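Presented below is the structure to which this report refers.
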Ligand code: SF4
């Protein structure tokens, strides 16, 4: 990259024209920002269709190296920019936050496209998070579905402008120079749904309120609960030799999302359990054989 010292000459002290290419009078903050903004290294990872546009932006026609973004790094430890390019699923948000925590400070996040910015066409889908900013501090949003390479370049230049505005004299701008280690971003937990550990108190309070309020618990009966209740009814009916009319239907009830009826599911679970036990026994006998040979 060509060195342009005139970019740095922004003080009230004039530099003679003949020396402008050799001498710069500037502040420490400006020098620091100038170094950082011109050597951002994005992390090499993509999530969905937006990633294709990001790859196009890196290739020769658009070539974001011209702006100092240089080579993409295949490890978070050598990256200071995370471009979240694509749909962020609940499964994927966990490793994304883990990768972010592995990046050294100072680090920045750019949400590329409608999906990463707010869920996009999949907003409030069962498996998609509604925006990366719910989990990471996003610095720049690039709208579009997908954004063009020009739009991504514009977003990257906007990030450079943001860096230009930071001052190392202001602790809020550069919190990574604070005293002590910085706190890692809590990694979400993927269970039946994604859980942000920062909301754990709220979730616990809601669960306690629901447990206290029995009426609230009865508002919506889950299909699986119905199946359990139906199964116990059948067992009771079999013991008392009376047949309940709805029980068989309930046992064959399929979830709206598809899946296996309860009666078959039980067989499958039992088979899986037996297979797992068999595998465990084989592993144990192999270990015993190895130990004998050793
Ligand atoms: S914003 Fe559009 S192009 Fe980008 S990942 Fe989502 S659906 Fe694909």
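Residue numbers (the working numbering): 45 to 338. Cβ atoms here follow ideal geometry from the backbone N, Cα and C, with glycine treated the same way. Since we're looking at a predicted model, the values are computed, not measured.
Report back the beta-carbon spacing between residue i and residue j to the nearest angstrom; my notes put them in contact at under 8 angstroms.
i: residue 87; j: residue 120; result: 6 angstroms
i: residue 117; j: residue 85; result: 5 angstroms
i: residue 154; j: residue 186; result: 7 angstroms
i: residue 70; j: residue 82; result: Going by Cβ atoms, the distance from residue 70 to residue 82 rounds to 14 angstroms, so no, they are not a contact pair.
i: residue 201; j: residue 106; result: Actually they are not in contact, since the Cβ atoms of residue 201 and residue 106 sit about 12 angstroms apart, beyond 8 angstroms.
i: residue 93; j: residue 130; result: 6 angstroms
i: residue 147; j: residue 124; result: 7 angstroms
i: residue 180; j: residue 221; result: Residue 180 to residue 221, Cβ: 20 angstroms. No contact.
Could you have a look at residue i and say whether DSSP puts it in helix, strand or coil?
i: residue 221; result: helix
i: residue 154; result: strand
i: residue 52; result: coil
i: residue 148; result: coil
i: residue 174; result: coil
i: residue 125; result: strand
i: residue 117; result: strand
i: residue 239; result: strand
i: residue 198; result: helix
i: residue 185; result: strand
i: residue 60; result: coil
i: residue 133; result: strand
i: residue 87; result: strand
i: residue 40; result: This structure cannot settle anything about residue 40, because the visible part of the chain is limited to 45 through 338.
i: residue 179; result: coil
i: residue 139; result: helix
i: residue 252; result: helix
i: residue 69; result: coil
i: residue 192; result: coil
i: residue 329; result: helix
i: residue 316; result: helix
i: residue 168; result: coil
i: residue 105; result: coil
i: residue 92; result: coil
i: residue 337; result: helix
Note to self: Strictly closer than 6 angstroms from CB to any heavy atom of the ligand SF4: give me those residues in the order they appear in the chain.
What the structure shows: 92, 93, 94, 130, 131, 157, 158, 159, 164, 165, 189, 190
Notebook entry, point to check: How do the region 228-247 and the region 129-136 stand: do at least 3 beta-carbon pairs fall below 8 angstroms, yes or no?
Noted result: yes
Margin query: Check whether the region 207-222 and the region 162-172 are in contact - that is, three or more C-beta pairs closer than 8 angstroms.
Written below: no
Check: Given 8 angstroms as the limit, is there contact between the region 190-198 and the region 96-105, that is, 3 or more CB pairs closer than that?
Finding: yes
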